[in-house]
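S.K.: Got a structure for you, questions after.
Now the structure itself:
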């Protein structure tokens with residue numbers, strides 16, 4: 010079993026921000042003493058916001074599956090009382106990053122121990138990587154955010170989903186040699 014630490018997922022726009030945040034062999038993203046760190050991916054600069062939103066929606070679906078299986082286990086007579094209490098607590102606090110992390114640390118050993126004799130445990134073991142609340146980040150330059158990708162940015166904000174959006178103030182399309190965008194100040198050269 011692999012218990013993940015805090016889960017940050019980064020959806021980065023292809024362009025200047027992906028060059029300085031995702032170029033190999035160096036990266037500003039680091040890992041902790043357990044080797045845990047953020048997952049990073051980039052997409053075309055005109056759809057990076059929807060790319061990040063898709064990651065969040067997929068994560069939500071996987072966590073809904075966990076909740077469904079836990080509710081079935083809670084209703085089952087064969088589920089031990091300790092597991093029912095842990096599942097009930099996780100369902101109540103699944104959207105709290107710290108509490109979901111604490112509960113996952115308690116739940117994973119229980120489901121691992123029962124995976125050979127309990128179908129609910131077996132299903133939950135397959136989904137254990139989603140038990141800890143993830144932090145979704147969407148990062149792009151202001152040209153992509155306010156110009157070619159403005160519709161996607163607007164869509165993500167209007168969705169009301171729990172995502173973090175970082176717009177970098179480059180004032181141009183930096184990856185095209187300084188091409189002007191709607192974020193470029195009037196009269197800039």
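Residue numbers (our numbering): 10 to 198.
Using N, Cα and C, we set each Cβ at its ideal position, and we do this for glycine too.
#1: Straight-line CA distance for residue 49 to residue 165?
#2: Helix or strand or just coil, what does DSSP make of residue 186?
#3: Under 7 Å Cβ to Cβ from residue 188, same chain only, skipping five residues before and after it: list those, please.
#4: Cβ atoms of residue 190 and residue 163: under 8 Å apart, would you say?
#5: Could you spell out the range, first to last residue, of the beta strand (DSSP E) harbouring residue 51?
#6: Where does residue 13 sit, in a helix, a strand or coil, going by DSSP?
#7: How should residue 122 be labelled, buried or exposed, when 16 other C-beta atoms within 10 angstroms of its C-beta is the threshold for buried?
#8: Could you check which residue in 193, 72, 177, 87 has the C-alpha nearest to that of residue 146?
#9: Mind checking who residue 144 pairs with in its DSSP beta bridge?
#10: Thinking C-alpha only, which one of 171, 151, 44 is nearest residue 55?
#11: Use the C-beta contact count for residue 103: other C-beta atoms within 10 angstroms, 16 or more gives buried, fewer gives exposed.
#12: Pull up the DSSP beta-bridge partners for residue 22, would you.
#13: Please confirm whether residue 120 and residue 133 have their CB atoms less than 8 Å apart.
#14: Relative to the C-alpha of residue 26, which candidate in 117, 184, 69 has its C-alpha closest?
#15: Would the beta-carbon of residue 47 be found less than 7 Å away from any heavy atom of the ligand FMN?
#16: Which of helix, strand or coil does DSSP assign to residue 195?
M.R.: Inspection of the coordinates gives the following:
#1: 19 Å
#2: coil
#3: 181, 182
#4: no
#5: Segment 48-52, the beta strand (DSSP E) holding residue 51.
#6: For residue 13, the predicted structure reports a pLDDT of 37, less than 50, and the residue's modelled location is therefore unreliable. A value from the coordinates is still provided. Coil.
#7: exposed
#8: 177
#9: Note: residue 144 sits in a beta bridge opposite 17.
#10: 151
#11: buried
#12: Bridge partners of residue 22: 52.
#13: yes
#14: Closest in alpha carbon position to residue 26, among 117, 184, 69, is 184.
#15: Looking at this structure, you won't find the ligand FMN or any other ligand, since it has none at all.
#16: coil
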